[in-house]
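Heads up, the thing below is written out as structure tokens.
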Amino acid sequence: GGEFKNLTLISGKEIQVWVDYDGTVKQIHVTLAPINVQKPQTPLLSRRQDLSSIINQSMYVGFSSSTGPIPTSHYVLGWSFRVNGEAQALALSQLPKLPKLPRIGKKETSKVLTIGLPLMVLFVVSMLILSVVYVIRRKRRFAEVLEEWERDYGPHRFKFKDLYIATKGFREQELLGTGGFGRVYRGILPASKIEIAVKRVSHESRQGMREFIAEIVSIGRLRHRNIVSLLGYCRRKGELLLVYDYMPNGSLDKYLHNQPKVTLNWRQRFRVIKGVASGLLYLHEGWEQVVIHRDIKASNILLDAELNGRLGDFGLARLYDHGTDPQTTHVVGTLGYLAPEHTLRGKATRNTDVYAFGAFLLEVACGRRPIELRDPDDVILVEWVFSCWDRGAILEARDPRLGAEFVEEEMELVLKLGLICSHFDPLMRPSMRQLLQYLEGDLPMPELLSMGLSSSGLLFAHREGFDDLAKAFTQSSSVAESHLSGGR
């Protein structure tokens, strides 16, 4: 008939606890009650538990407490203990009082509001400002220039953010090559996982931008096994980004110049030559418009996984309709590959591309650049090959690294075609269709004497003409020289 007393362990008031253990029946009882209340007859907790393995003949007895995650303070105001009998009751009136708990007064509350609240507001405002700055900087980083007329070219335009992620932020480790017209980076598109080469080209002026983009998009429709596909473009303030297929074996020039660790044998070189000729014929005659590349050279010939040659880098290319006359433009290109009439009149034609192809033929066969300005003798390759032919020893011009591992008829054919393509008179140069027929053996090779090649100097038998051409190059700001190395 006892009375129920509400009891909570977090009340902050004193509590009595009785712990009794009967070793005979192996029973433990725990009883709780408020202060100044007699021990209840019914324990709060009762359990059968054999403590014989725990209780020793001599041992210490103490107290410990735990409340889990709740922060609390525990005080033992008094205790009584006995073995083999009931413990003596405590004199509750003589027990010490509980210490007073600290209370937060108005002054402390005022300090918290005065100091803590402004700090919290300052922190929140600072985080908002930093977030806004981050968003603005991120937006500027990926900002693009998009005008209304460009919306027609949507499928050919890449987002700068995708190119930034693909090239890992245009890191130096992804740089494939650099030159006068821009820097080329390797990348992997995040969505499709396609490997690409991205060329960043400075373009400060908006003049002619619409026409240039239109030509870039048109060139993107070119499809030929010996042409590197131009996948699209991206435009930002002050720069253009051109996106190409990635060629794992890089550019041809790294196998020819600067003492390469690996060079190409003659069979591989001859296959590259025929492949480039086929691609150039497609540009000149096989597409809906005439495409003038304007920068044919070994560093712009890329090699795929099977070492097939592909004509790339259409950043300087120009288009015009079949049967029309090309417009006069600024002289751009690379020293040694530009036809004389191009430097004089500023007009790029199929014949100027053929001239550059001739310089490329000699470069591949001889393993030397068209003009070695750093050489003590300033060797001009076409003059040197001409002198070898003039004395009846044209095969002496071949790349010495080939040794005897080459086909004499093919080597002689390539060297002679290089001379014919370098003819000072553009009308005496063969077309790309004729050149490919010569290379395939479908047309007999004409005699060089009948083409006006003689020691009288109708080609470049003396240096003076070439010296003037080189001088024009060095003084012209419109002409840039680029050498790209590494895979692209």
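Residue 230 in full-length UniProt numbering sits at position 230 of the sequence shown, with consecutive numbering throughout. Glycine residues also receive a C-beta, built at the ideal position from the N, C-alpha and C atoms.
Let me make sure I understand the geometry here. Which of LEU303, ARG235, ARG225, GLU288 has the alpha-carbon closest to that of LYS254? LEU303
Exposure label - TYR337; buried when at least 16 CB within 10 Å: buried
From the DSSP output, in three-state form, read off HIS29 for me. Residue state for HIS29 is assigned as strand, using DSSP reduced to three classes.
Do you know how far the Cα of ASP313 is from the Cα of TYR185? 13 Å
With DSSP run on the structure shown, which of helix, strand or coil describes GLY182? Note: GLY182 maps to strand in three-state DSSP.
Delimiting residues of the alpha helix (DSSP H) encompassing ARG271: 266 to 281
Alpha carbon to alpha carbon, how far is GLY333 from LEU459? Give it in angstroms, no decimals. Model confidence at LEU459 stands at a pLDDT of 44, short of 50, so the residue's coordinates are unreliable and nothing is read from them.
When you compare only the Cα positions, how much space is there between LEU419 and LEU231? 35 Å
Would ALA393 be called buried (16 or more neighbouring beta carbons within 10 Å of its own) or exposed? exposed
Distance between beta carbons of LEU281 and ILE227, contact taken as under 8 Å: Incorrect: roughly 11 Å between the Cβ atoms, too far for contact.
Nearest to LEU264 by alpha carbon, out of ILE10, GLY12, GLY367? GLY367
Return the chain-ordered list of same chain residues with a C-beta closer than 6 Å to the C-beta of ALA356, the five sequence neighbours on each side being excluded. ILE296, TYR337
What first and last residue would you give for the alpha helix (DSSP H) that runs through TYR255? Where TYR255 is concerned, there is no enclosing alpha helix (DSSP H), given that its DSSP letter is neither H nor E.
At the level of alpha carbons, what is the spacing between ARG350 and LEU436? C-alpha separation (whole angstroms): 14 Å.
Roughly how many angstroms separate the alpha carbons of ASN6 and GLN94, rounded to a whole number? 25 Å
By the DSSP assignment, the alpha helix (DSSP H) with ARG48 in it spans what residues? Counting along the chain, ARG48 falls outside any alpha helix (DSSP H), though it belongs to the beta strand (DSSP E) covering 45 to 48.
Going by beta carbon distance, what residues of the same chain come within less than 6 Å of GLU372, once the five residues before and after it are set aside? VAL379
Over the uninterrupted beta strand (DSSP E) stretch that includes GLN16, give me the two end residues. That run of the beta strand (DSSP E) goes 15 to 22.
By the DSSP assignment, the beta strand (DSSP E) with GLU405 in it spans what residues? Neither: GLU405 is in no beta strand (DSSP E) and is coded neither H nor E.
With distance defined between alpha-carbon atoms, name the residue in CYS234, GLN16, TYR244 nearest to ARG223. TYR244
For a test of the three-state rule: what should DSSP assign to THR474, helix, strand or coil? Because THR474 sits at a pLDDT of 46, beneath the cut-off of 50, its placement in the model cannot be relied upon, and the following sentence gives the value as read from the coordinates. If DSSP states are grouped into helix, strand and coil, THR474 belongs with the helices.
Rounded C-alpha distance that separates VAL83 from ARG48: Just so you know, the alpha carbons of VAL83 and ARG48 end up roughly 19 Å apart.
Beta-carbon gap between VAL198 and LEU240 smaller than 8 Å: no
Could you tell me the alpha carbon to alpha carbon distance between ASP50 and LEU117, rounded to whole angstroms? Approximately 57 Å between the Cα atoms of the pair.
Between the beta-carbon of SER46 and the beta-carbon of GLN27, is there less than 8 Å? yes
Check each candidate in ARG398, THR324, SER299, ARG271 and name the one with the smallest Cα separation from GLN289. THR324
Quick one: what's got a C-beta closer than 7 Å to GLY225's C-beta in the same chain, skipping five residues either side? Here residue 225 turns out to be Arg, not Gly, going by the sequence shown. Closer than 7 Å at Cβ, skipping near neighbours: no residue.
Alpha carbon to alpha carbon, what distance is there between PRO190 and LEU128? 30 Å
With contact counted as at least three CB pairs below 8 Å, one residue from each stretch, are the segment 29 to 40 and the segment 4 to 20 in contact? yes
Classify TRP149 as buried or exposed, calling it buried when 16 or more other Cβ atoms lie within 10 Å of its own Cβ. Model confidence at TRP149 stands at a pLDDT of 49, short of 50, so the residue's coordinates are unreliable; what they give is reported in the following sentence. So TRP149 ends up on the exposed side.
Nearest-angstrom Cα distance between VAL124 and TYR134? One C-alpha to the other measures close to 15 Å.
Would HIS293 pass as a contact of TYR233 if the rule is Cβ separation under 8 Å? No, they are not a contact pair.
Express the C-alpha separation of ALA348 and residue 538 in angstroms, rounding to a whole number. With the chain represented from 1 up to 488, any question about residue 538 goes unanswered, as that position is not in the structure.
Boundaries (first-last residue) of the beta strand (DSSP E) holding VAL291: Per DSSP, VAL291 belongs to the beta strand (DSSP E) from 290 to 292.
Taking the alpha carbon of MET411 as the reference point, which residue from PRO248, LEU361, ALA166, LEU316 has its own alpha carbon closest? LEU361
Assuming ALA365 and THR352 make a contact with CB atoms under 8 Å, what is their CB distance in whole Å? With 8 Å as the limit, ALA365 and THR352 do not qualify as a contact, their Cβ atoms being about 21 Å apart.
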